[in-house]
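The structure appears right after this line, and notes come after that.
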């Protein structure tokens, strides 16, 4: 690939970006697409949605960029939660590091590479890209110290920035814990694997156990019912509601009656609180023993103080560690009910099965990757398969195939990965939606680093040395050398990957093609005029975090060896900064968050990228016979690893456990201000299993949920393929 | 090596064993050697030590075997603690498994191996040992199903036994926790990394912190002083004691006075409790502020209940996880004071340094191992270095060199390993002696498995295929095949290793050569007639557990491939059973124990051995072209790994955390019976930093320690090279 092919590719991509960005600035002004582009606004300010002036104002087309640029971190924290801030911090970190890297690599390393060998340079347009990589530096060159210096500058800069980012994210996480005063999940412990006995129901056992061992702090508990049982209860509830309604009992009374049945206290059957009409008694609702059988071996247990709940969640309760398993409960909107019905004892075997499935999936995914990478090397492929020469004779075709097609094919294959990983994480048994998303984020990350980065490099190495047996690739001692040889020459592909996958994915992110199609389908095919009937989504961290981290990895590994990637990468990160801020502010709703738990993933991946870069550089310096540069790189690797270990000691525990000081201080403040009673009252009705499950968003069901603030967090359940989660259902409001 | 060389070797070893065992049965009857062979008895029944009849009775020579055989597990538990029982369980487990393995392998596999190829068998005496291994089975033989069956029988038998052992050890551990009612360490939390401040002393900070956050359960605390400060205090204490004594104040008063100063409460200076003589005031003892500077950032904090201490020890106290680090305190006799002075913040870097040092040590230790292994292959060495042919021409020399010398050299090299590992573990920062021993046990285990097992196999492979580059050995894909080729032919060495290292080590264990020499030195050179002046030791788990596990590994890997090792191994385990029981009953004292924490190590190593055996067999079946046997081995590997994962889920948490149910029940019982007050009283004086540190065992110092049961646990400090720990000092009793 030469400079002109690169320019063709970047031209196509810039044009695509400009067209799509402009299209977006027009589309977002259409009132009919409000639900697509302003999901966040809709969920926030429902009362304004009928104001005709609100979305019909014609804003100049670049206004969204200005708005997105000007938003403060506080605003983002309020709208997108801590996870959004952490994600944007990762983008800002990349911009900072790669700005420094660009300056040193473009002005120091790039000229050295270009003039590294005594050769006749062609006209710059026809120059091969490999001329700009370290491949062009002759062996034993005295100028390799410059590469080593660049490596030192980039590594130190990255470590210093990482340290301050980790420090401030830790502070933000502590503030997040301390600020969430009304979060009832701090008071709640999820108990699973309650042992079954013939004599007592699960509910009785839970009550006995906790009154016995946590008598001073145990408040109440709420059983979790099997899905089928819940459905039955729900149908019954609808019946009573209708009965009550037809008897002109006031609605409020009905709603309280039902709440007592489902969401509150330890009751396992309907208890009628006040003098009830005779016909309610006649309906077959007093099926307590029946219901007892439908209980799962899991319950939510409420405690009087946050500290008591924390202690109970961290302790090993019983001599048999596979019974009475306690965890701090997720927030009501974050809890993933479906996994709570599943018996706890099968999760360990499920986890192993998922691990095996994941490894197989990642391995067999190599096939499309190899196919893709082979397209970049048409000239080499032509030697092996002469018949494809006919297709590639036209210059335009060739440029298209080598410059554009491989990345597009790869992108299509990659788009099916996140939903599969989400299914894997669901089966693994996460108890919270945020935990499930974080787990699939890690899976997608492993997948993408292996299948995009390593697989491309290894196939590159395999095609380059076609004579050498591919079987030799697995040898661990040759891997650093293989990497050192392959990375500079794979850089060409990575540049096009940044252009296509990076830039284009941002445009698509902005346009939201899938919701747009759905919206059009609703509007023009189904003729449904209610613009709120289509929901909005939560931010897809499990696809976006790995993507940003992958580009970071590409940037680090290519920076010193093939600096030409850096300008394209910087453009990508700048665009990402604007686009993601805009999306967080306008499009995605924040229904649950992990509280910054993505940062350790980001930190560890960045350290991995740095160390990998250093190892590859070590290999390159070795190949180029520069013992000084090699020997200076080894202390750098050691220092980076020590730095990582220090961060792990200093900051990471906060992301695993909650400090008791913070929790005790919060408890005290609430006790002092007398809010505790109020919180206890809220507790009993906060977790509502029925509503989260009801697939049909019938209005009558809304009554079953209490009038706490949980009301506007919990929602219906329409899924889009790549995010099988429940979006906000904005229509369901009781009359 | 042929059968006759093997018989020579086993003859020598049997003779050595018989001689040493007889020598032992004579030596143990000598009254002058009581302190060497009856350390445990001496520490238990001091009052009887002057009874002239007690050790002068002439017991028939085999009586120790009978006694050791007849001792019940309860007796062993009472004398040796749970660790001893767990260790003996491992020996019994090995006996059981290898009995089954012997039956199936000697009667089914061995004949198949011997008649595996159609060949003329020589006279049995001159038969090479390799004829009895799987090497002799011809390729594609239909009889390989028998080997596969044997593998199945051994694996299932091992897993079933392991499951029941793990179950019963877990039960014993729970009983150990519940039974140790008087153990004050359950009430005590060790706090390290107390942040320093200019305004307040550490002691004040600790008091403030715990009264603030654990007000309801905090009882008191005790600071830990720098070693130098302790020495000063000690000298001062001696002074006062002498002053008080000369003033005819009664001894009891003096002892209580000192206790208040050093061991009790929060005091940082001497508080005189009752009207004191004027001259005490004149001595410069009221150096409170001075002492404040000598405090370390560490303290022992006492709580009112066990549960409160457990909760405090498990919580993350502060937003900065590197301050206020809490752990459950070890028992008073188990605590390792020297590591408490070291600032906590440097341990993470020390741990990394130790890890690197350990890896380097293990790597460079290969040199003596390679040298040893090369001696076994004299014939192959002769080809490479013709000059050694002259030495090996005599038949006896050759048999000695191949059959005996390699193991002896290896043993000598190996004997320096445990002390080095102990130093490593000390530097790592264990807070307890038992933790340090367990940590060095793990290190020695890794070391011994790598350097005895793998290194021998790899050098075997390297010598066998001298033409093939040694560099190829690192290739992961060829390792199973290399192992499959090398293990059967290394089996010869392993048989001699069992004979020499195994049998001989037991004889030496029985004779105790080092204490014997020391005793003679005291008695005949120093003319010291007091037979109690030389102390006794704790059981060296860090050398014996890895040794037994190594022989287990050898047994598993060789069982199917080279069954000839099994009879020798069974003899070893039977002898080990007798010898170790005897040693636990008579020789070693139990001053501290880990409470069965060695079992997870034993379990995991056994599973590792099993899986390794299965992988090697898989390789062998592959080499022998038996696809059926190969394909039947794969499910076996999967099942073994799943079984291990189940055990990890089901039993392992008990060895990491204490179940709160058990602890709460214990608290309740004590509160009910009114023992709590008494325990609280004991608490304040249980931990005594001075005495454990005092190198000189002057009698006056004994007074500083309170009259609790701790008194006969804590001891002086004379070390022997391979066990740098303090032995019991039986003489030091206050007049």
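Protein chains in written order, with my numbering: chain A, 1 to 735; chain B, 736 to 1470. Ideal Cβ positions, reconstructed from N, Cα and C, are used throughout, including at glycine.
Residue i - partner residues in DSSP beta bridges
i, result
"residue 1034 of chain B", "B/926, B/958"
"residue 1273 of chain B", "B/1324"
"residue 432 of chain A", "A/335"
Three-state secondary structure assigned by DSSP to residue i
i, result
"residue 185 of chain A", "helix"
"residue 4 of chain A", "helix"
"residue 14 of chain A", "helix"
"residue 526 of chain A", "coil"
"residue 953 of chain B", "strand"
"residue 855 of chain B", "coil"
"residue 614 of chain A", "helix"
"residue 490 of chain A", "helix"
"residue 495 of chain A", "helix"
"residue 1077 of chain B", "coil"
"residue 325 of chain A", "strand"
"residue 744 of chain B", "helix"
"residue 1247 of chain B", "coil"
"residue 128 of chain A", "strand"
"residue 1471 of chain B", "Nothing can be reported for residue 1471 of chain B, as the shown portion of chain B is limited to 736 through 1470."
"residue 1101 of chain B", "helix"
"residue 733 of chain B", "The requested residue 733 of chain B does not occur in the structure, where chain B is confined to residues 736 to 1470."
"residue 251 of chain A", "Interpretation of residue 251 of chain A is limited by its pLDDT of 42, a score under 50 that renders its predicted location unreliable; the figure taken from the coordinates is listed afterwards. Here residue 251 of chain A sits in helix by DSSP."
"residue 765 of chain B", "coil"
"residue 1360 of chain B", "coil"
"residue 1387 of chain B", "coil"
"residue 352 of chain A", "helix"
Under 9 Å between C-beta atoms of residue i and residue j
i, j, result
"residue 623 of chain A", "residue 443 of chain A", "no"
"residue 727 of chain B", "residue 1033 of chain B", "There is simply no residue 727 of chain B to check, as chain B begins at 736 and stops at 1470 in what is shown."
"residue 1063 of chain B", "residue 1422 of chain B", "no"
"residue 1307 of chain B", "residue 1286 of chain B", "yes"
"residue 499 of chain A", "residue 130 of chain A", "no"
"residue 1323 of chain B", "residue 1274 of chain B", "yes"
"residue 612 of chain A", "residue 553 of chain A", "yes"
Burial state of residue i, where buried means 16 or more other Cβ atoms lie within 10 Å
i, result
"residue 754 of chain B", "exposed"
"residue 1091 of chain B", "exposed"
"residue 1072 of chain B", "buried"
"residue 606 of chain A", "buried"
"residue 854 of chain B", "exposed"
"residue 1066 of chain B", "buried"
"residue 334 of chain A", "buried"
"residue 524 of chain A", "exposed"
"residue 437 of chain A", "buried"
| Touch check for the segment 880 to 891 of chain B and the segment 1342 to 1358 of chain B: three-plus C-beta pairs under 8 Å? | Touching, yes, given that three or more Cβ pairs across the two stretches are closer than 8 Å.
| query | If we count Cβ pairs, one from each stretch, closer than 8 Å, do we get three or more for the segment 932 to 945 of chain B versus the segment 1080 to 1095 of chain B? | reply | no
| said: Tell me whether the segment 1233 to 1249 of chain B and the segment 1305 to 1313 of chain B touch, counting them as touching only if at least three CB pairs, one residue from each stretch, are closer than 8 Å. | reply: yes
| field | Segment contact flag, the segment 550 to 559 of chain A with the segment 486 to 498 of chain A, C-beta cutoff 8 Å, min 3 pairs | value | With a cut-off of 8 Å, the segment 486 to 498 of chain A and the segment 550 to 559 of chain A count as touching, because enough Cβ pairs lie within range.
| query | When the Cβ atoms of the segment 76 to 84 of chain A are set against those of the segment 594 to 608 of chain A, are three or more pairs found closer than 8 Å? | reply | yes
| field | the segment 311 to 327 of chain A contacting the segment 1394 to 1407 of chain B, beta-carbon criterion three pairs below 8 Å | value | yes
| message | With three or more C-beta pairs closer than 8 Å as the rule, is the segment 1187 to 1199 of chain B touching the segment 1165 to 1172 of chain B? | response | no
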